[in-house]
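Structure, as structure tokens:
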Amino acid sequence: MNPPSIAHDVVGAASASAGFDAPVFPSVPLRVRWLGTVSYQEAWSLQRSLHGRPDAEVPSAHMAGEHLLLLEHAHTYTLGRNGDPTHVLVDPASVGAELIEADRGGDVTYHGPGQLVAYPIVSLGSLTAKDYVCLLEGALIDAVAALGLIGAGRHDGFPGVWVEPNTANARKVAQIGVRVERGRTLHGVALNVDPDMSFFDHIVPCGITDFGVTSLAREGVEATMREVVDAFAAAFSQRWLARQGSRSNGIERADVIWRGPRGTSADSDDADLAPFSRGMGPGERTTGANATVGSAPSVRLLGRLAQAGVTESVALTDRKPDWMRASVRHSTEVMDVKRTIRDLDLVTVCEEAGCPNLSECWSEGTATFMVCGERCTRACGFCLVDTRHPEALEPDEPARVAEAVARMDLSYAVITMVARDDLPDGGAAHVAATVRAVRQRRPGTRVEVLISHLKGSADALDVVLASEPDVVNHNMETVARLQRAVRPSAGYGRSLALLGRSALTGTTTKSGLVLGLGETRDEVAATLADMAAVGVSIVTIGQYLRPTSHHLPVANWWTPDDFEHFGAVGRSLGIAHVESSPFTRSSYHARTSADAADSAVGSAATTADGAAGTIGDAPAVPVMLTPR
1 MNPPSIAHDV
11 VGAASASAGF
21 DAPVFPSVPL
31 RVRWLGTVSY
41 QEAWSLQRSL
51 HGRPDAEVPS
61 AHMAGEHLLL
71 LEHAHTYTLG
81 RNGDPTHVLV
91 DPASVGAELI
101 EADRGGDVTY
111 HGPGQLVAYP
121 IVSLGSLTAK
131 DYVCLLEGAL
141 IDAVAALGLI
151 GAGRHDGFPG
161 VWVEPNTANA
171 RKVAQIGVRV
181 ERGRTLHGVA
191 LNVDPDMSFF
201 DHIVPCGITD
211 FGVTSLAREG
221 VEATMREVVD
231 AFAAAFSQRW
241 LARQGSRSNG
251 IERADVIWRG
261 PRGTSADSDD
271 ADLAPFSRGM
281 GPGERTTGAN
291 ATVGSAPSVR
301 LLGRLAQAGV
311 TESVALTDRK
321 PDWMRASVRH
331 STEVMDVKRT
341 IRDLDLVTVC
351 EEAGCPNLSE
361 CWSEGTATFM
371 VCGERCTRAC
381 GFCLVDTRHP
391 EALEPDEPAR
401 VAEAVARMDL
411 SYAVITMVAR
421 DDLPDGGAAH
431 VAATVRAVRQ
441 RRPGTRVEVL
451 ISHLKGSADA
461 LDVVLASEPD
471 VVNHNMETVA
481 RLQRAVRPSA
491 GYGRSLALLG
501 RSALTGTTTK
511 SGLVLGLGET
521 RDEVAATLAD
531 MAAVGVSIVT
541 IGQYLRPTSH
551 HLPVANWWTP
561 DDFEHFGAVG
571 RSLGIAHVES
581 SPFTRSSYHA
591 RTSADAADSA
601 VGSAATTADG
611 AAGTIGDAPA
621 VPVMLTPR
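Residue 628, in the numbering used here, is where the sequence shown stops; the numbers in between run on with no holes.
What follows is the structure in structure tokens.
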């Protein structure tokens, strides 16, 4: 048998060696992220966005950071460019897996629960691809040795890390398959911790027939995934930073919530994303005929918060700081908007979500369209929107929204949506139809969409993008550690993947955070860095306000100076525009934010007469309304 060489596990090696003029970047930290369970396709989208736009000669400055993504996949087989399809011995669907053709080197391999997958997205500089593969092997050897597996090493002619290497009983414990483009890396390594090894029986792993595969557990190493992640992160970081020298700026670590061992109370689900819930969440009505019984958050919600390390909060009865006391003005302008809304039989998300900026925005003729109904299929711990079982989509809703935009003579419209996990596409086609209807009814109106993560579907996101919105907004809402407590049906990696996929198309991409849920300064900065790295150009940051007693409590109040600081941090990371203040919300100053971002990147949208963001004398105000 002819063994595969190291080069067989690398695609695009030439771009990292002779003839490639590696870009020089400022000193940056190695951003290490534990993301929990992430689908293979979402992880691939995230890698691509961190790598940089494929049409760029070199990665753009804000994408030039160094990243180490650590995660698990669901049951997946991947076939590299050098792979032989006959090495997949069964129909993957018959064993509960999917098969994906990957653009890395190597043959077929398996990814699944109980296996640590690591994707470094780094700039090689003068390091060759072969040297990089050796560095990965060395980091893996260091990591498994620290965990108690002594003697693992390189097996001549076969990439990866092996137990009893260079013997007839050699068996692979870690696989390597990488790609190098424009001097930057993609893909990475997979370390078998304690996966279901039977999945390897359905393939010829890495195209190797003479030697088997193993895991740390099979070799007698008892280690939790967290211990393995920590060991590999330390080993890779040490070796990588030693190679970087003056380019290194240390390590920045952020993790999604760590789950307990499978089968324990701390591991309530097998996946990191909880199934969406209807009718029992914190967003249910607290008044009227559909009032929710109870006056405190659910035990499950508070348990997730405690699991994330947040155990103290501001009492609901405590007086808000002076800077958090919004003034209510029933001006003529506010009443005019109210009459317009009622005449058109619309309901505002401003009212539904209890926005503190209602008076300010309405006095400027600003409100917001919300489509796909009024009921959300999720029960996020901070949100007031109704969570009862959703009703069927209304086919004429896009046309009614377009009519409202025309009647109000708007040059900028914001269209948001409730999450519709009950729909196959998550509501993507309905949102896209609304964008097209607005454009047809009033050509030239700029449109911003605020969407859910669409169940992580790249196809669904492509449907929205095909309608060509001017801005795509998807809120991260909170930092990595608090995701499961705050938005259990979403996910940090999933949201980053969506934002990155949007930005890679050249669409102005936007996101937002609500603070005061228990995050730290460093975590906010890390989240802003991740947003910048995937190409987000507009960010909103505001203070969380507890809508009712059965929502998540406020953990702390951030001051106006704090918000100014976070805005400066975001801009320093390359985010074109950051709207940051205690009362900032997702669509606050939406048009002016879009204009500022366009101006900052040198691509301001202008009309035929050159006036940015205006159509003749039409009012330049974002409008967010919900058809009733």
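Backbone N, C-alpha and C define an ideal beta-carbon position, used for all residues, glycine too.
Coarse secondary structure for residue i, derived from DSSP in three states
| i | result |
| --- | --- |
| LEU461 | helix |
| ARG179 | strand |
| ARG319 | coil |
| ALA118 | strand |
| VAL438 | helix |
| ARG378 | coil |
| GLY283 | At GLY283 the pLDDT is 41, less than 50, meaning the model places this residue with poor confidence; the figure from the coordinates comes in the next sentence. Here GLY283 sits in coil by DSSP. |
| ASP409 | coil |
| LEU99 | strand |
| MET197 | helix |
| TRP162 | strand |
| ILE636 | Since the first and last residues shown for the chain are 1 and 628, residue 636 lies out of range. |
| TRP258 | coil |
| ALA13 | Residue placement at ALA13 is flagged as unreliable, the pLDDT there being 41, under the threshold of 50; the coordinate-derived value follows with that caveat. Three-state result, ALA13: helix. |
| MET370 | strand |
| TRP558 | coil |
| ALA217 | coil |
| TYR77 | strand |
| THR185 | strand |
| PRO85 | helix |
Nearest candidate by alpha-carbon position, reference residue i, set the options
| i | options | result |
| --- | --- | --- |
| MET476 | ASP409, LEU498 and VAL310 | LEU498 |
| THR505 | LEU465, LEU528 and ARG442 | LEU465 |
| VAL213 | PRO424, VAL438, GLY542 and VAL161 | VAL161 |
| GLY83 | ILE121, GLY177 and ASP422 | GLY177 |
| ARG48 | ALA97, ARG104, LEU99 and LEU79 | ARG104 |
| LEU552 | VAL32, ALA529 and ALA315 | ALA315 |
| PHE583 | LEU513, GLU374, HIS187 and ALA533 | LEU513 |
| GLY220 | ALA145, VAL189 and PHE200 | ALA145 |
| TYR119 | GLU164, ARG33 and ARG521 | ARG33 |
| PRO390 | TYR77, ASP318 and GLU374 | GLU374 |
| CYS380 | GLU579, LEU482, ALA242 and SER581 | LEU482 |
| VAL117 | ASP156, VAL539, ILE575 and PHE236 | PHE236 |
| ALA399 | ALA428, ARG436, TRP558 and LYS320 | ARG436 |
| PRO85 | ASP107, GLY65, ALA223 and PHE158 | ASP107 |
| LEU545 | ARG154, MET197 and LEU517 | LEU517 |
| MET225 | ALA234, ARG243, VAL193 and ARG218 | VAL193 |
Classification of residue i by the beta-carbon crowding that lies within 10 angstroms, buried from 16 upward
| i | result |
| --- | --- |
| ASP299 | The sequence as given places Val at residue 299; Asp does not occur at that position. Flag for VAL299 reads exposed. |
| ASP396 | exposed |
| ALA289 | Low local confidence applies: a pLDDT of 41 at ALA289 is under 50, so the model's placement there is unreliable, with the coordinate-based value given in what follows. Exposed is the call here. |
| PRO205 | buried |
| ALA433 | buried |
| GLU252 | buried |
| THR167 | exposed |
| THR209 | exposed |
| ALA406 | exposed |
| SER572 | exposed |
| GLY444 | exposed |
| ASP598 | buried |
| GLY250 | exposed |
| GLU564 | exposed |
| ARG487 | buried |
| GLY294 | The predicted model places GLY294 with a pLDDT of 49, which falls under 50 and marks its position as unreliable; any figure quoted below should be read in that light. Under this definition GLY294 is an exposed residue. |
| ASP561 | exposed |
| GLY157 | exposed |
Distance between beta carbons of residue j and residue i, contact taken as under 8 Å
| i | j | result |
| --- | --- | --- |
| GLU448 | VAL479 | That pair is no contact at about 24 Å. |
| VAL310 | ALA555 | 6 Å |
| GLU394 | ARG441 | Wrong, their Cβ atoms sit about 17 Å apart, outside the cutoff. |
| ASP409 | ALA594 | Incorrect: roughly 19 Å between the Cβ atoms, too far for contact. |
| LEU305 | ALA490 | About 16 Å; that fails the 8 Å criterion. |
| ALA102 | THR78 | 4 Å |
| ARG182 | VAL122 | In fact, because the Cβ distance is near 12 Å, the residues do not count as touching under 8 Å. |
| LEU50 | VAL534 | 6 Å |
| ALA600 | TYR412 | About 18 Å separates the two Cβ atoms, so there is no contact after all. |
Validate contact between the segment 492 to 510 and the segment 27 to 43 using beta carbons, cut 8 Å, 3 pairs: With three or more CB-CB distances shorter than 8 Å, the segment 492 to 510 counts as touching the segment 27 to 43.
At least 3 beta-carbon pairs within less than 8 Å: the segment 80 to 96 vs the segment 142 to 155: Of all C-beta pairs linking the segment 80 to 96 to the segment 142 to 155, fewer than three are shorter than 8 Å, placing the two stretches out of contact.
Any 3 or more C-beta pairs closer than 8 Å across the segment 156 to 173 and the segment 61 to 81: Result no; under three Cβ-Cβ pairs closer than 8 Å.
Segment contact flag, the segment 123 to 136 with the segment 107 to 114, C-beta cutoff 8 Å, min 3 pairs: Contact fails: fewer than three Cβ-Cβ distances are below 8 Å.
Three-pair Cβ contact test at 8 Å for the segment 228 to 247 versus the segment 452 to 460: Contact fails: fewer than three Cβ-Cβ distances are below 8 Å.
Sufficient close CB pairs (3 or more, under 8 Å) joining the segment 527 to 547 to the segment 411 to 430: Counting Cβ pairs under 8 Å, fewer than three are found: no touch.
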